[in-house]
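Using numbering that gives the first Met the number 0, you'd call the opening residue of the sequence shown number 0 and step up by one each time. Data block below; observations after.
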Amino acid sequence: MLTEKTTFMKPLKKNSKRVFILKKNSSFNKLFSTGKSFHSGDIVLKSFVNDNELNMIRFGFAVVKNPHFNAVKKNRIKRLLKEAVIKKIDFINESFSSGDYIIAFRGSPATDSEYIFKNVFSVLKKVVLSK
């Protein structure tokens with residue numbers, strides 16, 4: 000999946016040189032079909048680890064299609080997922096292998112931010128412990 004670093008890749012955090020955002024639909028589809036799965040509450044993390052010379056970590060964020068979610072609610076959940084990952088960017092840089100990761104949310108739209116943060120941190124720890 001990671002073959003070359005392109006110039007249009009957006010870093011997850013402004014000064015991050017290793018963690019980028021995963022946006023391509025084809026990358027999401029490959030990851031959902033072949034990735035390893037980790038769960039915590041309403042959060043699912045799919046991972047596809049590949050050790051290559053680029054040493055990049057790419058994160059994607061997804062929210063399940065549901066009639067109760069409109070675009071505003073989906074985008075709010077995606078922002079919260081992204082913020083939770085940014086809070087743990089140092090932990091990710093030092094303990095994650097290079098590869099692609101998708102954090103998907105499949106809960107209700109009325110979920111509070113503390114619940115999302117707690118479950119994202121929990122699933123990130125599970126990924127590191129599974130190595």
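We put the CB at the ideal spot given by N, CA and C, even for glycine.
- Each residue's CA atom was taken as its position, placing F37 and K72 some 24 angstroms apart.
- Beta-bridge annotation (DSSP): S46 is paired with K35, Y100.
- Residue state for R17 is assigned as coil, using DSSP reduced to three classes.
- For R57, the uninterrupted beta strand (DSSP E) run begins and ends at 56-62, by DSSP.
- Distance between I76 and K9, taken at the CA atoms: about 20 angstroms.
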